[in-house]
Amino acid sequence: MIMNDQIEKIPEKVKYPEIKIKTEWIRNEISDDAIEWAKSFGEYLSRTTDQKALTTSQLRRFFGELKRIDSDFKKNQADLLMLKPMLAYAVGRDKDDSGRSRTHIKEFEEEMSKGITSIRINDKENGEKDFRNFVKIFEAIVAYHKYYGGK
């Protein structure tokens, strides 16, 4: 006889979070809502639904560019805008023969592009602070992606 604790639980289907990344999280303070969103979005990216999970290497590629920009923000801040075409390229590469995305890269691109748009790049007083908040939110997404089994 199989006991209940011996049955492997099937994870419930994880849905794309209804809440989207918010400009206020980047321009003001990172709130509990931002962390909860990063948690649900990181979990979503780590799970296979009708699309495959986003891979750690896909996240790390973007993270590497963020860290490069971060290393000398004043010199590299214009490169922030170039992250959008980089993400668009990743979406284009991810399509199968029918034009459908294989992974959750499209959703990732949409959220990260909105986050990049929220950074006040030309504002000397706030641009760097906005960027640092964006990086922190992204780091939380990566952490939860890994926590939920992202590979």
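Using the numbering used here, the final residue of the sequence shown is 1384, and nothing's skipped along the way.
Beta carbons are placed, not taken as given, at the ideal position from N, Cα and C, and that holds for glycine.
Remember, it's a predicted structure, so these values are computed and weren't measured experimentally.
{"Item": "Nearest to H1337 by alpha carbon, out of A1321, N1366, S1351, K1362?", "Value": "A1321"}
{"Item": "Who are the near neighbours of K1449 in its chain, counting only those whose CB is closer than 7 Å to its CB and skipping five residues on each side?", "Value": "Because residue 1449 is not part of the residues shown, which for the chain are 1234 to 1384, the question remains open."}
{"Item": "Exposed or buried, what is I1252 when buried is set at 16 or more other beta-carbons lying within 10 Å of its beta-carbon?", "Value": "exposed"}
{"Item": "Comparing alpha-carbon positions, which option in G1382, V1375, E1342, D1283 lies nearest R1326?", "Value": "E1342"}
{"Item": "Tell me the DSSP secondary structure of K1285 in three-state form.", "Value": "strand"}
{"Item": "With 16 other CB atoms within 10 Å as the buried threshold, where does R1293 fall?", "Value": "exposed"}
{"Item": "Report the three-state DSSP secondary structure of K1307 (helix, strand or coil).", "Value": "helix"}
{"Item": "Which residue or residues does DSSP assign as beta-bridge partners of S1334?", "Value": "K1328"}
{"Item": "Below 8 Å CB to CB, which residues in the same chain sit around L1278 once its five sequence neighbours on both sides are set aside?", "Value": "A1286, L1287, L1292, H1337, E1340, F1341, I1374, H1378, G1383"}
{"Item": "So, does the region 1305-1323 touch the region 1356-1376, judging by three or more C-beta pairs under 8 Å?", "Value": "yes"}
{"Item": "Taking only the alpha-carbon atoms, compute the straight-line gap between S1290 and R1301 and give it to the nearest angstrom.", "Value": "16 Å"}
{"Item": "My assumption, with CB atoms under 8 Å, is that R1437 sits in contact with S1346. Please give the rounded CB distance.", "Value": "There is no way to answer for residue 1437, as the model of the chain reaches only from 1234 to 1384."}
{"Item": "Residue range of the alpha helix (DSSP H) that R1260 falls in?", "Value": "1256-1260"}
{"Item": "What is the rounded straight-line gap between the Cα of D1356 and the Cα of D1329?", "Value": "40 Å"}
{"Item": "Can you tell me whether E1262 is buried or exposed? The criterion is at least 16 other CB atoms within 10 Å of its CB, across all chains shown.", "Value": "exposed"}
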